[in-house]
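Protein sequences, first through last, are from chains X and Z.
Here the working numbering is used: the first residue of the first sequence is 20, the next is one more, and so on.
Here the working numbering is used: the first residue of the second sequence is 10, the next is one more, and so on.
What follows is a single structure, written as structure tokens, with notes after it.
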Amino acid sequence: MWFFIGLIVGVGLLALIFWLRNKQIAVKWYEWLVGIFGLGLLLFMIQNIIGSVREVEPVAAWQFLWLIGLPALILLGLAWWLPWRRYRKKG
Amino acid sequence: MKKHHSTLSRRDFLKILGLGSAGLGAAAVSAPVIHDLDELMNLPEAAGKKPWYAREVDKPTCEIDWGMMRRFDYSEVMWATGLKKALGPQEFERVFRVGEQNRLKWIQEEKPGSTLKDVAMDSSDHWAPISFLGPQTSPTPEELGVPRYEGTPEENARLVRAFMRLHGASHVGFAELDAATTEKLIYSYDNGGPVQGPRLDITDDDQPEDNTEDGYRVIPKKARWVIVYTMRMADSTLERPATALGSRSHGYMYNLKSLLQGQVQNFLHTLGYTCLGEASRYNALGAHVGFAILAGLGEMSRLMHVITPEYGLRQRVQMMITDLPLAPGKPVDFGVMNFCRTCKKCAEFCPPGAISKDTEPSWDTQGAPYASPGVKTWFWPQHECNAFIRMNNGCAICYAVCPLSKGDSRAMYHDIQRWMVANTPLFNSLITGMHGFLDYGWRDNPKEIAGWWDLDLPPWGYVE
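Structure below.
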């Protein structure tokens with residue numbers, strides 16, 4: 020499963036880089052950092068949810084969903100919104 | 010492949026022991042096909058590798074005063090005559106009577122976890138014959154016409170660990186007996202059930218002896234190595250404690266012990282060595298927890314039970330003694346003693362309030378005749394615990410609520426938690442809180458208890 024998740028993330032990142040270049044959107048280093056951290060949290064959340072389901076711990080799975088998923092979404096949203104806002108202003 | 014120094018054909022050994030073509034029981038589900046002892050020794054399971062967050066240390070994390078310690082009479086413990094002594098004969102009778110009444114009442118009421126099918130499961134014990142000297146039904150090297158197996162202590166440790174892991178042991182560790190220290194963990198009198206058991210003499214005799222007529226057993230001084238091992242109990246039953254269903258967690262592992270012990274005794278018999286087992290279905294020979302800590306299987310806990318890095322409290326610990334030289338393990342530190350100082354969750358949830366709530370461990374056994382001095386730990390009135398167990402046909406709520414006890418740990422969170430506990434006490438309160446927040450541990454909801462029968466469980470109930 021992690022092979023496919025790795026594949027999807029890799030292809031997704033490549034597509035994102037090409038798209039950013041195509042649109043000429045500049046992403047600052049700290050925005051990449053926030054994005055990578057958010058992506059890491061998202062993957063951590065997925066692992067914990069799958070692990071909890073296999074452990075027959077449904078409550079833990081739900082708690083991990085919002086406890087880790089919410090900050091992950093906020094960070095990913097921030098990493099998206101900051102360069103997008105700059106691009107819109109420029110544009 | 011690394012070569013070892015056995016002079017007897019390993020392939021022959023394996024053929025004799027029936028290992029050449031298949032493993033046994035549940036182990037056979039995933040057991041590799043093993044052709045010789047070299048392959049057995051080189052199994053990954055043979056290394057006994059500790060989890061990455063557990064550090065080996067020179068001394069156990071609980072203080073031990075060997076000068077204070079004396080060999081202890083097993084008959085004093087709670088599971089032998091200790092309960093009757095502590096409660097008095099009348100209260101003792103009452104406790105058991107209440108237990109029987111409750112069992113009948115709960116079957117009739119169909120109380121989840123204590124219905125007829127749960128009681129049937131708890132009553133399903135089946136035992137292999139068990140003895141001090143072992144079955145001795147496998148041939149000796151003399152009978153095979155070959156010299157006995159020889160190996161270094163390190164090779165022997167790998168060999169025994171690999172064999173035992175294949176046959177169902179979860180952890181296998183080794184400790185060496187020493188007259189001034191570890192010999193004191195061997196009981197002065199063995200388990201004799203409701204009466205005082207045979208005296209355990211450690212002598213210079215060449216051969217062991219089990220003299221039931223005169224009431225003594227001889228452990229030759231040449232048998233200096235203790236094999237201490239565990240058998241993991243399933244989370245799903247342990248988390249439904251104080252029920253007949255929950256009690257089965259312990260029973261099925263004691264059943265396995267009765268089979269495994271004889272297998273190990275026969276294995277070492279054919280290798281040309283003595284292996285002395287526990288002549289009791291439950292605990293005997295010596296202080297299992299003490300040996301487990303010295304061998305590096307885990308740390309002392311507030312419950313005076315061993316907590317292992319992998320499963321916490323959720324295993325049964327057993328032991329044997331052999332004259333096959335075995336490289337002893339080193340104690341481990343992964344933060345348990347510090348965690349137990351502040352957590353106290355087991356003490357808060359203990360229905361009779363038996364577990365100590367003191368922050369610091371103590372040398373004081375509080376005058377309990379069933380407690381052996383010489384270890385700085387959290388001594389507690391175990392007769393209150395045992396009386397509750399008898400009246401309720403089981404308990405082990407402490408095993409269910411302990412935040413360090415989680416056998417099924419597929420989520421990465423558990424590794425992070427264990428790393429934090431091992432490295433800093435700063436997050437201990439947070440970890441205790443998270444345990445409740447994530448709804449780990451005790452399933453006390455009647456629907457969840459009854460729902461156990463609908464779980465689609467893997468073999469042995471382990472989610473690996």
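Ideal Cβ placement from N, Cα and C applies to all residues, glycine included.
As the structure is a prediction and not an experimental result, all values here were calculated from the model.
Checklist entry - What residues of chain X sit near SER245/Z, judged by a beta carbon separation below 8 Å? => result Within chain X, the residues near SER245/Z are VAL75.
Next on the checklist: From the DSSP secondary-structure annotation, give me the bridge partner or partners of ARG241/Z.
Outcome noted: Answer is GLN324/Z, bridged to ARG241/Z.
Item to check | Opening and closing residue of the beta strand (DSSP E) in which ALA184/Z lies | outcome: Run containing ALA184/Z: 180-185, per the beta strand (DSSP E) assignment.
Item to check | Nearest residue (CA-CA) to LEU46/Z, options LYS126/Z, ASN165/Z and GLY305/Z | outcome: Shortest Cα-Cα distance from LEU46/Z to any of LYS126/Z, ASN165/Z and GLY305/Z involves ASN165/Z.
Next on the checklist: Judging by CA-CA distance, which residue of ASP210/Z, GLY299/Z and TYR261/Z is the nearest neighbour of LEU285/Z?
Outcome noted: It is ASP210/Z whose Cα lies nearest to the Cα of LEU285/Z.
Next on the checklist: Just to check my reading of the structure: ARG112/Z and MET240/Z have Cβ atoms closer than 8 Å, yes? What is that Cβ distance to the nearest angstrom?
Outcome noted: For a cut-off of 8 Å, the C-beta gap from ARG112/Z to MET240/Z is around 26 Å, too long to register as a contact.
Next on the checklist: Beta carbons nearer than 7 Å to chain X: which residues of the segment 381-413 of chain Z have them?
Outcome noted: Those would be none; no residue qualifies.
Next on the checklist: By alpha-carbon positions, which one of ILE69/X, TYR49/X and GLU50/X ends up nearest to MET20/X?
Outcome noted: That would be ILE69/X, whose Cα lies nearest to the Cα of MET20/X.
Item to check | Beta carbon of ASP199/Z nearer than 9 Å to that of TYR83/Z | outcome: Yes.
Item to check | Members of the segment 436-458 of chain Z near chain C, C-beta cut-off 7 Å | outcome: Here the protein chains are X and Z, and chain C is not one of them.
Item to check | Against chain Z: residues of the segment 21-35 of chain X by CB proximity under 9 Å | outcome: Answer in chain order: no residues at all.
Checklist entry - Listing by chain order, which chain X residues have their CB less than 7 Å from the CB of LEU464/Z? => result The answer, in chain order, is VAL75.
Checklist entry - So is TYR320/Z buried or exposed if we call it buried at 16+ other beta carbons inside 10 Å? => result So TYR320/Z counts as buried.
Item to check | Residue ranges of each beta strand (DSSP E) within the segment 268-346 of chain Z, 3 or longer | outcome: For the segment 268-346 of chain Z, whole beta strand (DSSP E) runs of length 3 or above, ordered along the chain, are 324-331.
Item to check | Under 7 Å (Cβ pairs) to chain Z, residues found in the segment 85-98 of chain X | outcome: Of all residues in the segment 85-98 of chain X, none comes within less than 7 Å of chain Z when Cβ atoms are compared.
Next on the checklist: Which residues in chain Z have a C-beta closer than 8 Å to the C-beta of VAL78/X? List them in chain order.
Outcome noted: The answer, in chain order, is LEU447 and ASP448.
Checklist entry - If you compare alpha carbons, which of GLY57/Z, GLU119/Z, LEU142/Z and GLU152/Z is closest to PHE183/Z? => result Each of GLY57/Z, GLU119/Z, LEU142/Z and GLU152/Z was checked against the Cα of PHE183/Z, and the nearest Cα belongs to GLY57/Z.
Next on the checklist: Tell me the rounded alpha-carbon separation between LEU97/X and HIS423/Z.
Outcome noted: Roughly 29 Å between the two C-alpha positions.
Next on the checklist: Taking 9 Å as the threshold (beta carbon to beta carbon), is GLY59/X in contact with chain Z?
Outcome noted: No, GLY59/X lies away from the interface with chain Z (no Cβ there is under 9 Å from its Cβ).
Checklist entry - Start and end of the alpha helix (DSSP H) containing VAL28/X? => result Start and end: 21-42.
Checklist entry - Taking Cβ-Cβ distances below 9 Å as the criterion, which residues of the segment 226-252 of chain Z are in contact with chain X? => result Going along the segment 226-252 of chain Z in chain order, one finds ASP244 and SER245 with a Cβ nearer than 9 Å to chain X.
Item to check | For LEU209/Z: DSSP bridge partner residues | outcome: Answer by DSSP bridge pairing, in chain order: ARG226/Z.
Checklist entry - With respect to the beta strand (DSSP E) encompassing GLU192/Z, which residues constitute its N-terminal and C-terminal limits? => result Annotation for GLU192/Z: no beta strand (DSSP E) segment contains it, and DSSP assigns it neither H nor E.
Checklist entry - Can you name, in chain order, every residue of its own chain whose Cβ lies under 6 Å from the Cβ of ALA431/Z, other than the five neighbours on each side? => result For ALA431/Z, where only same-chain residues beyond five positions count, the Cβ hits under 6 Å are TYR62, PHE343 and GLY344.
Item to check | Option nearest PHE348/Z by Cα separation, candidates LEU413/Z, THR146/Z, ARG323/Z and HIS297/Z | outcome: Relative to the Cα of PHE348/Z, the nearest Cα in the group LEU413/Z, THR146/Z, ARG323/Z and HIS297/Z belongs to LEU413/Z.
Checklist entry - Rounded to a whole number of angstroms, what is the C-alpha to C-alpha distance between GLN117/Z and VAL128/Z? => result Rounded to the nearest angstrom, the two C-alpha atoms are 12 Å apart.
Checklist entry - How big is the Cα-Cα spacing for CYS407/Z and ALA296/Z? => result One C-alpha to the other measures close to 20 Å.
Next on the checklist: Relative to the C-alpha of GLU74/X, which candidate in THR90/Z, ILE73/Z, MET346/Z and LEU447/Z has its C-alpha closest?
Outcome noted: Residue LEU447/Z is the option with its Cα nearest to GLU74/X.
Item to check | VAL235/Z - DSSP class collapsed to helix/strand/coil | outcome: Note: VAL235/Z maps to strand in three-state DSSP.
Item to check | PHE56/X at chain Z interface by Cβ criterion, 9 Å | outcome: Contacts with chain Z at 9 Å (Cβ-Cβ) do not include PHE56/X.
Checklist entry - For ASP332/Z, which residues of its own chain have a beta-carbon under 6 Å away from its beta-carbon, when the five flanking residues on both sides are left out? => result Excluding residues within five positions, the ones whose Cβ falls inside 6 Å are LYS231, ALA232, TYR282 and THR283.
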